[in-house]
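Sequential numbering from 208 applies to the sequence shown in my numbering.
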Amino acid sequence: TVGDSQTRLSDLNRQLIKEIGSLPGVTAVTQASRAPISGGNRFVPVVIDDAEPPASEGGEDKRPAAGYSYIAPNYFETLGIPMVSGRRFTVQEAETEAPVVIISEATARRFWPGQDPIGKRLVIGSVNGPAPYPGETAPFSPGSEVIGVVRDVRSLFLNRVDELYLYLPLSQARQWAGTLLVRTSGRASSLVPTLGSAVRRVDPNLPVVLAPLDWMVSFDPYFVISRIGGILSSIVGALGLFLACLGVYGMVGYSVVERTHEIGIRMALGAQRQQVLGLVLRESVRPMLFGTVIGIAVSAAIARLISAILFGLNPADAISFAGVSLLLIAVALFAGWLPARRAMRVDPMVALRYE
């Protein structure tokens, strides 16, 4: 029967969690209907309990759609997602399909701006709503109580935090929640063979796919696009930096060579080498400093625009800005120092005749 199947699945889950949790290097194990950024995103219509449902047009549900996951009570501790307010599911709530829900900060801001959402109620799902996956019951609750709010994360898409997200008790899935999430103290990839052996000890016939979460994330379309964009941007940026260095070197070097006659006059009038060199270097770097300030401002503005495309790009990356600026200033100093040093070695009378 369905009840017997659920009991066997629950027993199997408990055995797996116990076996994996006892392994050296494993610090936490939890269970969920899906892993973050693993594809198979699921959405369900949701409104607040006392709100008038939006009118449907042509049979289309106009209620806002929220992503959701069925989770075990220790899900947030395992993934390191902090609670903002309220509490987590109790074991009893997770096992008895209690009408409770934990929501993201964005969900709380959307439905109860400036209010405390704890104790409020949400109408989740539709009686006739389709199940996202065969064998899984779509969420439906005429009134689930909000018991907790957690920090916004990227569970659905890598390039942005979830706009609306619900966390429901695992028992409401009424199916095998086929994802075990394991936190390790070291590299996750090094424990994959050990985890496979632990699963086979519980059930040798159980099909299982073991993969580090970062490996799964690497197949996310936004991650792939971002990585390709990052590589192309790095190539273009490196080429641009190389050309900029060549341009700075040529421009500064040429301007100093053109001042050979002036350098000869200064030397003939008794100027010290250090004084002449200092003057040349200061005047070589001054326009470079001015251009660097403008370049940093423009680069920061452009970085903000493309940060939505390139995942993980920091628009205020001080290390990159400082590194490029120092490199260009160093090139300008070298470009001024080399010809100035040559000019100062020339006999002043020869330099005076230089054209």
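For every residue, glycine included, the Cβ atom is placed at its ideal position computed from N, Cα and C.
Given residue i as reference, the closest of the options once Cα atoms are compared
i	options	result
Pro280	Ala510, Ser292, Pro271 and Gln299	Gln299
Thr467	Arg548, Lys269, Ile503 and Val356	Arg548
Leu398	Ile224, Leu216 and Leu230	Leu230
Ile245	Leu417, Gln482, Leu486 and Arg473	For the record, residue 245 in the displayed sequence is Ser; it is not Ile. Checked all of Leu417, Gln482, Leu486 and Arg473; the closest Cα to Ser245 is Leu417.
Gly232	Arg394, Pro411 and Arg511	Arg394
Leu363	Asn248, Ala475 and Gly293	Asn248
Pro400	Thr386, Pro419 and Asn412	Pro419
Pro306	Gln481, Val353 and Arg493	Val353
Ser292	Tyr277, Gly326, Tyr282 and Ile278	Gly326
Phe528	Leu448, Ile255, Pro494 and Trp544	Leu448
Ser276	Ile331, Gly403, Gly477 and Ile501	Ile331
Pro320	Ala537, Ile255, Gly477 and Trp544	Ile255
Pro243	Ser217, Asp524 and Ile278	Ile278
Leu365	Leu545, Ala380, Ile432 and Ala504	Ile432
Arg489	Ser217, Trp544, Ala510 and Leu453	Trp544
Span of the beta strand (DSSP E) around residue i
i	result
Phe250	Phe250 to Ile255
Gln379	Here Gln379 belongs to no beta strand (DSSP E), and DSSP marks it neither H nor E.
Leu388	Thr386 to Thr391
Ala239	Val233 to Ala239
Ala272	Ala272 to Ile278
Val307	Val307 to Ser311
Whole-number beta carbon distance between residue j and residue i, since they are thought to touch under 8 Å
i	j	result
Ser378	Thr303	7 Å
Val360	Val368	6 Å
Leu219	Ile310	30 Å between Cβ atoms; not a contact.
Pro324	Ala315	4 Å
Val253	Arg241	Actually they do not touch by this definition, with Cβ atoms about 18 Å apart.
Asp463	Ser491	In the sequence under discussion, the amino acid at residue 463 is Val, which differs from the Asp named in the question. Between Ser491 and Val463 the Cβ distance is about 7 Å, and since that is below 8 Å, they are a contact.
Ala451	Met495	No, Ala451 and Met495 are not in contact; Cβ-Cβ is about 11 Å, not under 8 Å.
Extent of the continuous alpha helix (DSSP H) to which residue i belongs
i	result
Pro546	Ala525 to Arg552
Pro320	No alpha helix (DSSP H) contains Pro320, which DSSP labels as neither H nor E.
Thr467	Thr467 to Ala475
Ser404	Val399 to Val409
Thr285	Tyr282 to Leu286
Val291	Counting along the chain, Val291 falls outside any alpha helix (DSSP H), though it belongs to the beta strand (DSSP E) covering Met290 to Gly293.
Val298	Val298 to Glu302
Own chain residues within Cβ distance below 6 Å of residue i, not counting five before or after
i	result
Pro337	For Pro337, the predicted structure reports a pLDDT of 47, less than 50, and the residue's modelled location is therefore unreliable. A value from the coordinates is still provided. Answer for Pro337: no residue qualifies.
Thr285	Ala235, Thr237, Leu388 and Arg390
Gln222	Val409
Ser396	Pro419
Ser392	Gly232 and Thr234
Ala542	Tyr456, Val459 and Gly460
Ile224	Val236
Ser506	none
Arg215	none
Contact set for residue i: own chain, Cβ-Cβ below 8 Å, skip 5 residues either direction
i	result
Glu469	none
Asn335	Only weak support is given to the placement of Asn335: the predicted model assigns it a pLDDT of 47, under 50, and the value that follows is read from those uncertain coordinates. None.
Thr208	Here the model assigns Thr208 a pLDDT of 46, short of 50, so the residue's position is not dependable, and the following value carries that caveat. Once the five neighbours on either side are set aside, Thr208 has no close Cβ partner at all.
Val483	Ile470, Arg473, Met474, Ala547 and Met551
Arg317	Pro271, Glu370 and Leu371
Ile536	Val492, Met495, Leu496 and Thr499
Identified DSSP bridge partners for residue i
i	result
Leu329	Ile255 and Ser351
Tyr372	Gly274
Val487	Answer is none; Val487 lacks a bridge partner.
Val356	Ser292 and Ile310
Nonlocal neighbours in the same chain, by C-beta distance under 7 Å from residue i, ignoring five residues either side
i	result
Ile288	Val357, Arg358 and Val360
Ala405	Glu226, Ile227 and Leu230
Ala301	Ala279, Pro280, Pro376, Leu377 and Ser378
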